[in-house]
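Note that the working numbering has the sequence shown beginning at 329, numbered continuously upward.
Built from N, CA and C at the ideal position, the CB exists for glycine as well.
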Amino acid sequence: MVKELSELLKNNSYPGRGIVVGKSEDGAKAMFAYFIMGRSENSRNRVFVKAGDEVKTQPYDAKKVKDPSLIIYSPVKVVGNATIVSNGDQTDTIEEYLKKGVCFRRGLQQRQFEPDAPNFTPRISAVLSTDGGFSYEMSILKCGDKEGKACDRSFYLYTPVSGKGHFLHTYQGDGDPLPSFEGEPVPVRIGNDLKTFAEEIWAGLDPSNKISLYCRAIDLATGAYEDVLFNAREEEVKA
329 MVKELSELLK NNSYPGRGIV VGKSEDGAKA MFAYFIMGRS ENSRNRVFVK AGDEVKTQPY
389 DAKKVKDPSL IIYSPVKVVG NATIVSNGDQ TDTIEEYLKK GVCFRRGLQQ RQFEPDAPNF
449 TPRISAVLST DGGFSYEMSI LKCGDKEGKA CDRSFYLYTP VSGKGHFLHT YQGDGDPLPS
509 FEGEPVPVRI GNDLKTFAEE IWAGLDPSNK ISLYCRAIDL ATGAYEDVLF NAREEEVKA
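Following this line, the structure appears as structure tokens:
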């Protein structure tokens, strides 16, 4: 059953980091979104910045950075006709393997969940391929035990359907420790307008914990894209 993304977000106070990938309702565009949330001062001290076709996280206030290892990375990279989206430095691993002509599943077999006990945050990733068509694959690497010694790796390959996407996020909700996402990526409705898509996601995220959001729509006929970026810290400055 295809669900409304805005409702899923409003009913989850802390989905954590999330990836949405799908095809526009008119079938003309590949669309994706990536958002981050945070509870600690270190996590909230971030913004998204664009660097060419890529997106990076960077500190909002460099003087307040405590541990950059899990919060500074490139969530979006492009290799040829493939666009990578992830919630950590596994973006670099996927990029390395795609450049070698090896599928992203092989690359992620070298990676596992984040070493942030006791949460053991899942690593979530997606690759959109627009080479002679459109397909996308998603993955989640989760802790399989309480000690952080086992990793469960799940992969999902989709044939895109117009007006439909899939939503994958890191946490089932708030908690201590944070409960990891359960089940498969959730089917969600995708419209045509990128700005509306982005605004609905941003409005659905809990205002006290949302940090940044990046959305992109890729024209499947030309390869050109449009994008939307929101940073909560920059909105604070404007206010």
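Point to revise | CA-to-CA distance, N415 to L398, given in whole angstroms | key: Residue 398 sits at position 70 when you count from the first residue of the sequence shown. Residue 415 sits at position 87 when you count from the first residue of the sequence shown. Straight-line Cα distance between these residues: approximately 9 Å.
Exercise for review: Could you name the residues that DSSP lists as bridge partners for V377?
Suggested key: To locate residue 377, count along the sequence shown from 1; it is residue 49. Answer by DSSP bridge pairing, in chain order: K384.
Exercise for review: Return the first residue and the last residue of the alpha helix (DSSP H) that K427 is part of.
Suggested key: One-based indexing of the sequence shown puts residue 427 at position 99. Segment 418-427, the alpha helix (DSSP H) holding K427.
Review point. Is it buried or exposed for A552, if we count other Cβ within 10 angstroms and need 16 for buried?
Key: As a working mapping, residue 552 is identified with position 224 in the sequence shown. Classification for A552: exposed.
Point to revise | Boundaries (first-last residue) of the beta strand (DSSP E) holding L333 | key: Taking the sequence shown and counting its residues from 1, one reaches residue 333 at position 5. Counting along the chain, L333 falls outside any beta strand (DSSP E), though it belongs to the alpha helix (DSSP H) covering 333-338.
Check your understanding: Between which two residues does the beta strand (DSSP E) containing E465 stretch?
Key -> In the sequence shown, residue 465 corresponds to position 137, counting from 1. 463-471 is the span of the beta strand (DSSP E), which, as asked, contains E465.
Exercise for review: State the beta-bridge partners of D480 as determined by DSSP.
Suggested key: Residue mapping note: residue 480 aligns to position 152 of the sequence shown, counting from 1. For D480, the pairing in a beta bridge is given by DSSP as K470.
**Study point:** Segments of 3+ residues assigned as beta strand (DSSP E) that fall wholly inside the region 473-549
**Key:** Runs of the beta strand (DSSP E) inside the region 473-549: 479-486, 492-497, 514-517, 538-547.
Review point. What's the gap between the Cα of F441 and the Cα of V455?
Key: Your numbering for residue 441 matches position 113 in the sequence shown. Your numbering for residue 455 matches position 127 in the sequence shown. Note on geometry: alpha-carbon atoms of F441 and V455 lie some 18 Å from one another.
Review point. Nearest-angstrom Cα distance between G472 and S453?
Key: Here residue 472 refers to the residue found at position 144 of the sequence shown. Here residue 453 refers to the residue found at position 125 of the sequence shown. Going from the Cα of G472 to the Cα of S453 covers about 18 Å.
Exercise for review: May I ask you to list the residues that DSSP assigns as paired with D555?
Suggested key: On the sequence shown, position 227 is the one that residue 555 refers to. Residue pairing for D555: DSSP places it in a beta bridge opposite R544.
Review point. For D502, which residues of its own chain have a beta-carbon under 7 Å away from its beta-carbon, when the five flanking residues on both sides are left out?
Key: Indexing the sequence shown from 1 puts residue 502 at position 174. S341, Y342, listed in sequence order.
Exercise for review: Return the first residue and the last residue of the alpha helix (DSSP H) that S371 is part of.
Suggested key: By one-based count along the sequence shown, residue 371 stands at place 43. Looking at the DSSP string, the run of the alpha helix (DSSP H) that includes S371 is 369-372.
Review point. Is the beta carbon of L506 less than 8 Å from the beta carbon of I468?
Key: Numbered from 1 along the sequence shown, position 178 holds the residue referred to as residue 506. Numbered from 1 along the sequence shown, position 140 holds the residue referred to as residue 468. Cβ distance not < 8 Å, so L506 and I468 don't count as in contact.
Practice item. Within its chain, find whatever has a CB closer than 6 Å to the CB of V383; leave out the 5 residues flanking it on each side and keep chain order. Key: Position 55 of the sequence shown, counted from the first residue, corresponds to residue 383. Excluding sequence neighbours, V383 sits near F376, P403, V404, Y542.
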